[in-house]
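Student: Going left to right, the sequence shown walks through residues 1 to 612 as the numbering used here numbers them.
Glycine included, C-beta positions come from ideal geometry on N, C-alpha and C.
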Amino acid sequence: MEKPWHFRDGDDFLRRFALLLIRDYFRDNSEFGGFMEDHWFCDWEPSERWPHYTRANAGEVLAPPASPLGQTFIWDNGTIVGWRDGYIRQGYFTEGEMSDFRPEVGGFFGGFFYINLSNVRMQGVRNPAVTIEGLDLAFFGDHPDVPEYVEHPDDVNEDLTDGILAHMGWVMTVTEWPEIEEAKEKTIALRTNRPVLSSLSPAELVARARELQPLLIETYNTHCVAASSSGVAPGILGAVGEAVGDTTVPMRCITGLGDVDSAAPSYFLWDLSRSVRASEELTAAFELGIDDLLERLATSNSQDANTFLSSWGEFIVDFGCRGPNEYEILADSWETKPTIALALLDRIRFQTDDENPADRHARIAQSRVETIEEVRNKLASLGNEELSGQFEAALIAGNIMVFQERTKTNYIRVVNEIRVTFEELGRQSVAAGHLSDHKHIYMLVDDELESYVANSASMRATLEDRYDTYEQLKELEPPFFIKDGVVPPLSTYEKRGASQVESVGPGEVLTGVAGSPGTVRGTARVILDPTDPFDLEPGDILIAPLTDPSWTPLFMTAGGVVVDVGGQRSHAVIVSRELGLPCVISVTDGTKRIPNGSQIEVNGSTGEVSIL
């Protein structure tokens with residue numbers, strides 16, 4: 001029987017009423033708030049049809065709040081549309097089931113990005129091979145606050161089953177994906193054929209950005225397909241592992257796959273680091289600091305300096321699109337702020353030659369081959385031909401993890417081309433006296449761009465005010481879940497770091513999720529920002545809040561990796577497996593609980609982090 005205070009399905013009137021009272025209280029007590037409004041001006045309305053949202057995985061994509069231009073230009077009118085189309089392409093939704101504008105795959109609240117948990121769960125409802133429990137476990141582990149699934153009348157749609165199963169068949173048989181290889185060439189050409197941006201007028205810069213916008217939809221469509229499908233192999237391998245009595249089978253069989261795009265910059269930086277170690281001049285230049293390193297080397301006529309600068313230029317052309325928080329165009333990439341990548345190179349140069357990542361990968365790849373043969377023999381002894389067939393299909397499905405990184409790289413190249421275009425627009429606005437800081441250009445929203453170009457001076461004060469408020473948003477800790485479509489007012493958000501977490505001591509064990517097999521002991525080094533990695537020494541255990549490709553070169557220095565958040569298909573796991581590093585993910589508050597400098601043991605096969 002429906003409770004009398006539920007005035008519509010999925011909404012809790014009492015919770016809403018209580019939050020309104022809290023909002024009004026904080027609004028009247030400004031020392032707790034500081035916001036004129038209790039929402040960010042370009043926030044979404046939560047979905048009534050799919051009312052639960054989560055920061056799980058979303059925080060790995062966009063950790064800080066999104067800039068207005070980043071949200072509206074890159075996401076609302078690009079990425080989110082491609083995401084929806086990717087879901088439809090896999091058969092999970094029908095055409096028209098989601099909105100044309102701001103389709104319900106995600107959402108932005110308080111400026112922060114969320115994944116629509118209710119919407120994701122349709123994969124567990126509509127795919128006979130997936131369960132809601134399995135999806136939730138992959139996202140959250142044993143998180144106690146996961147909202148319960150309540151069936152909606154429109155959730156079950158058996159007409160979609162055949163299409164979903166056809167897609168699953170594709171996942172388990174695909175060895176090549178020409179579409180994403182063509183996209184790779186197309187997105188590389190964007191950088192190769194980039195016009196001289198400084199020669200373009202503001203109107204021409206906006207026009208160029210608009211020309212690139214459809215590519216966001218195209219590339220994220222394929223990335224959605226790959227990311228959503230990358231759980232197939234681990235799922236099947238998990239069943240195989242249970243059958244043969246070895247729960248490490250999934251990790252060991254999808255470790256060392258090779259050709260992982262997000263690891264490629266690290267291999268390049270490794271080779272470059274060897275040239276630095278071999279040169280007294282380059283080593284001395286790095287010892288003086290990285291802030292003006294490139295300028296100092298440019299004044300030298302030595303062969304070592306010229307060779308380094310030539311290689312560095314190649315690195316920026318090939319990989320300059322990467323960087324911390326790379327889904328956000330306001331954030332600097334390695335191209336727009338080279339010192340970020342130079343800081344990573346500065347750490348790698350201290351590694352000895354026997355830590356060559358190519359050798360690491362070769363060892364882990366050989367281990368994968370041995371594991372596969374071992375499992376095949378065990379399955380043969382069981383005489384279970386069906387399970388043996390599923391195992392072989394799962395090995396092929398492992399290709400999707402490589403495709404996932406390739407599709408992401410294709411997408412990120414497009415994002416960076418848009419980023420550098422708006423960077424130039426911001427610089428020209430500063431030069432014309434229309435902005436005080438070129439980063440203020442990102443306080444525009446998509447539909448203001450043309451009017452801004454027509455009358456830039458008139459918006460200076462508005463953009464400055466938005467930027468000030470945006471900086472305040474960055475200090476807040478968003479709720480991990482938004483449940484039943486109830487968005488807490490901004491004035492109720494805690495400040496980042498306000499909550500106290502007790503650190504662990506010797507003899508205690510933190511449990512996360514096994515990410516990449518192996519065991520390692522070393523010094524815990526808590527790094528919160530990949531642009532400031534200077535405390536990380538060779539062999540240290542990297543303790544990070546999350547990782548994206550901008551962190552990958554630090555894996556070259558680390559002996560192991562522990563991250564606060566992330567799932568089995570997260571960046572930290574994929575790259576750790578590529579490089580043969582023990583990795584544990586989803587160690588809740590690990591960066592706060594593990595003392596910096598403590599001695600720890602990381603068991604990437606069991607998901608345990610022990611304080612020694």
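Per the DSSP calculation, Arg521 is bridged to which residue(s)?
Tutor: The residue you call residue 521 lines up with position 521 of the sequence shown. Paired residue(s): Glu601.
Student: Express the C-alpha separation of Leu612 and Ile594 in angstroms, rounding to a whole number.
Tutor: On the sequence shown, residue 594 is found 594 positions in, with the first residue counted as 1. On the sequence shown, residue 612 is found 612 positions in, with the first residue counted as 1. For Ile594 and Leu612, the distance between alpha carbons rounds to 11 angstroms.
Student: Which same chain residues, not among the five before or five after Gly590, have their C-beta less than 8 angstroms away from its C-beta?
Tutor: Mapped onto the sequence shown, residue 590 falls at position 590. Once the five neighbours on either side are set aside, the close Cβ partners of Gly590 are Leu510, Gly512, Ile543, Val562, Val563, Asp564, Val609.
Student: Under a Cβ-count criterion, where at least 16 other Cβ atoms within 10 Å of its own Cβ denotes burial, should Asn119 be classed as buried or exposed?
Tutor: For this step, residue 119 is matched to residue 119 along the sequence shown. By the 10 Å Cβ count, Asn119 comes out buried.
Student: From which residue to which residue does the beta strand (DSSP E) around Ile585 run?
Tutor: Counted from its first residue, the sequence shown places residue 585 at position 585. Residues 583-585.
Student: Quickly, what does DSSP pair Val509 with across the bridge? List them, please.
Tutor: Here residue 509 corresponds to residue number 509 of the sequence shown, with the count starting at 1. Paired residues: Ser610.
Student: Starting from Phe108, trace the beta strand (DSSP E) in both directions and tell me its first and last residue.
Tutor: Taking the first residue of the sequence shown as position 1, residue 108 is located at position 108. Taken as a continuous stretch (DSSP letters only), the beta strand (DSSP E) holding Phe108 covers 106-109.
Student: On the CB-based measure, 16 or more other CB atoms within 10 Å of its CB, does Ser436 come out buried or exposed?
Tutor: As a first step, residue 436 must be located in the sequence shown, where it is residue number 436. Exposed, by the Cβ-count rule.
Student: Can you give the Cα-Cα distance for Thr219 and Ser229, rounded to whole angstroms?
Tutor: If you number the sequence shown from 1, residue 219 lands on position 219. If you number the sequence shown from 1, residue 229 lands on position 229. Looking at the two C-alpha atoms, the distance is approximately 16 angstroms.
Student: Can you tell me whether DSSP reads Ile22 as helix, strand or coil?
Tutor: Here the question's residue 22 lines up with position 22 in the sequence shown. Residue confidence is low: Ile22 scores 41 on pLDDT, short of 50, so the model does not pin down where it sits. Its coordinate-derived value is still stated next. Of the three classes helix, strand and coil, the one that applies to Ile22 here is helix, per DSSP.
Student: Label Asn628 either buried or exposed according to how many other C-beta atoms from any shown protein chain fall within 10 Å of its C-beta, with 16 as the threshold for buried.
Tutor: Beyond the ends of the chain as shown, which are 1 and 612, falls residue 628; an answer cannot be given.
Student: Could you tell me how far apart the beta carbons of Tyr452 and Met459 are, in whole angstroms, since I believe they sit closer than 8 angstroms?
Tutor: Here residue 452 is taken as the residue at index 452 of the sequence shown, counted from 1. Here residue 459 is taken as the residue at index 459 of the sequence shown, counted from 1. 6 angstroms between Cβ atoms; contact.
Student: Which partner residues of Asn416 appear in the DSSP bridge assignment?
Tutor: Within the sequence shown, residue 416 is the residue found at index 416, counting from 1. DSSP lists no partner for Asn416.
Student: Flag this pair as touching only if the stretch 44-61 and the stretch 492-510 have three or more C-beta atom pairs under 8 angstroms; answer yes or no.
Tutor: These segments do not touch.
Student: Check Lys184 in the structure and name its three-state DSSP category.
Tutor: Within the sequence shown, the letter at position 184 stands for residue 184. Helix, per DSSP.
Student: Alpha carbon to alpha carbon, what distance is there between Ile115 and Val146?
Tutor: On the sequence shown, position 146 is the one that residue 146 refers to. On the sequence shown, position 115 is the one that residue 115 refers to. Straight-line Cα distance between these residues: approximately 13 angstroms.
Student: Return yes when the Cβ of Phe308 is within less than 9 angstroms of the Cβ of Val276, no when it is not.
Tutor: In the sequence shown, the residue the question calls residue 276 occupies position 276. In the sequence shown, the residue the question calls residue 308 occupies position 308. Their beta carbons are under 9 angstroms apart, which means Val276 touches Phe308 by this criterion.
Student: Hey, how far is the Cα of Ala432 from the Cα of Ile441?
Tutor: As a first step, residue 432 is located in the sequence shown; it is residue number 432 there, counting from the start. As a first step, residue 441 is located in the sequence shown; it is residue number 441 there, counting from the start. Spanning the two alpha carbons is a distance of roughly 13 angstroms.
Student: Over what stretch of residues does the alpha helix (DSSP H) that includes Ile372 continue unbroken?
Tutor: As a first step, residue 372 is located in the sequence shown; it is residue number 372 there, counting from the start. 357-382 is the span of the alpha helix (DSSP H), which, as asked, contains Ile372.
Student: Which residues in the same chain as Asp535 place their Cβ atom closer than 6 angstroms to its Cβ, once the five residues preceding and following it in sequence are excluded?
Tutor: For the purposes of this step, residue 535 is taken as residue 535 along the sequence shown, with counting starting at 1. Once the five neighbours on either side are set aside, the close Cβ partners of Asp535 are Arg525.
Student: Helix, strand or coil for Ile527 per DSSP?
Tutor: Taking the sequence shown and counting its residues from 1, the one referred to as residue 527 is at position 527. Ile527 falls in the coil class under three-state DSSP.
Student: Go ahead and pull the three-state DSSP assignment for Leu546.
Tutor: The residue you call residue 546 lines up with position 546 of the sequence shown. Leu546: coil per DSSP, three-state reduction.
Student: Terminal residues of the continuous alpha helix (DSSP H) containing Tyr452?
Tutor: To locate residue 452, count along the sequence shown from 1; it is residue 452. That run of the alpha helix (DSSP H) goes 449-454.
Student: Would you identify the three-state DSSP class for Ala66, choosing helix, strand or coil?
Tutor: Within the sequence shown, residue 66 is the residue found at index 66, counting from 1. Coil, per DSSP.
Student: Is the CB-CB distance between Val414 and Leu216 below 9 angstroms?
Tutor: Your numbering for residue 414 matches position 414 in the sequence shown. Your numbering for residue 216 matches position 216 in the sequence shown. Going by C-beta atoms, Val414 is nearer than 9 angstroms to Leu216.
Student: State buried or exposed for Lys483, treating a residue as buried only when at least 16 other CB atoms are found within 10 Å of its CB.
Tutor: What you label residue 483 is simply residue 483 of the sequence shown in a count that begins at 1. Lys483 should be labelled buried.
Student: Lys495 by DSSP, collapsed to three states: which one?
Tutor: The residue given as residue 495 occupies position 495 in the sequence shown. Strand at Lys495.
Student: Have a look at the DSSP bridge pairing and note the partners of Tyr53.
Tutor: Reading the sequence shown from its first residue, position 53 is the one you call residue 53. BP columns for Tyr53 point to Asn116, Ile482.
Student: Just to confirm my understanding: we take Ala227, look at its own chain, exclude 5 residues before and 5 after, and list those with CB closer than 6 angstroms. What are they?
Tutor: Locating residue 227 in the sequence shown gives position 227, counting from the first residue. Hits under 6 angstroms: Gln404.
Student: Per the contact definition of three or more C-beta pairs closer than 8 angstroms, is the stretch 50-70 in contact with the stretch 129-136?
Tutor: At 8 angstroms Cβ cutoff, the stretches do not touch.
Student: Can you give me the C-alpha to C-alpha distance between Met401 and Ile574, rounded to a whole angstrom?
Tutor: Here residue 401 is taken as the residue at index 401 of the sequence shown, counted from 1. Here residue 574 is taken as the residue at index 574 of the sequence shown, counted from 1. Computed Cα separation, rounded: 8 angstroms.
Student: Give the secondary structure of Thr476 by DSSP, where H, G and I count as helix, E and B as strand, and everything else as coil.
Tutor: As a working mapping, residue 476 is identified with position 476 in the sequence shown. Contrary to the premise, residue 476 reads as Leu rather than Thr in this sequence. It is a strand residue.
Student: Quick check for students: name the residue ranges of the alpha helix (DSSP H) that lie wholly in the stretch 67-91, counting only runs of 4 or more.
Tutor: Segments of the alpha helix (DSSP H) lying fully in the stretch 67-91: 80-89.
Student: So Gly560 is in the beta strand (DSSP E); what residue range does that whole segment cover?
Tutor: Position 560 of the sequence shown, counting from 1, holds the residue named residue 560. Its beta strand (DSSP E) spans residues 560-563.
Student: Report yes if the C-beta distance between Trp270 and Ile348 is below 9 angstroms; otherwise report no.
Tutor: For this step, residue 270 is matched to residue 270 along the sequence shown. For this step, residue 348 is matched to residue 348 along the sequence shown. Cβ distance < 9 angstroms, so Trp270 and Ile348 count as in contact.
Student: Should the stretch 153-171 be called in touch with the stretch 293-310, which here means at least 3 C-beta pairs below 8 angstroms?
Tutor: No, because fewer than three Cβ pairs between the stretch 153-171 and the stretch 293-310 fall closer than 8 angstroms, the two stretches do not touch.
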